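K.L.:
Start counting the sequence shown at 54; every next residue gets the next number (our numbering).
Beta carbons: idealized from backbone N, C-alpha and C, even for Gly.
Here the structure is a predicted model, which means the values were calculated and not measured.
The structure's right below; bear with me while I get my questions together.
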Amino acid sequence: MANVIEKLSEQEDNMVENRGAMKGNKVSSMGFVNIMETRMAKIKLVMSDVLIKVEDTKDSLYEIKSEMRQSRDELKEKLMEELNGAIRDALGELARKNEAL
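The following block contains the structure:
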């Protein structure tokens with residue numbers, strides 16, 4: 054990516070018309086078109102790089118959410134097991150007390 058941008062920058066720097074355009078001098082239509090095409094290519098490369106980073110971020114967030122859901126589901130399952138165990142223990146103790154009476 055950096056090499057492509059450097060190559061485009063070289064092309065832009067090599068244009069004599071570019072220097073004239075920056076100083077406000079008249080530039081041929083083709084020179085102006087070349088300058089704009091080079092700049093648009095740079096922008097396109099930078100935007101595609103940003104979009105890739107955004108997609109990577111989305112993927113990372115999706116993975117985090119999935120892991121959180123999985124952890125939440127595992128925790129919920131453990132809590133239900135503990136609750137069921139506590140209920141069984143309480144019912145067993147209650148049954149023993151009733152037998153003792």
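1) I'd like the list of long-range same chain contacts for Val69, defined as Cβ closer than 7 Å, with 5 residues on each side in sequence excluded.
2) Where do the ends of the alpha helix (DSSP H) carrying Leu154 lie?
3) Run through DSSP, which three-state label would Ser82 get?
4) Where Ala153 and Glu146 are concerned, what is the direct C-alpha to C-alpha distance, given to the nearest angstrom?
5) Tell me whether Thr91 is buried or exposed, calling it buried when 16 or more other Cβ atoms sit within 10 Å of its Cβ.
P.N.:
So, from the listed chains and residues:
1) Note on Val69: pLDDT 47, under 50, position unreliable in the model; the coordinate value appears next. Within the same chain, Val69 has no close Cβ partners at all.
2) Careful: Leu154 lies outside any alpha helix (DSSP H) and carries neither H nor E.
3) helix
4) 11 Å
5) buried
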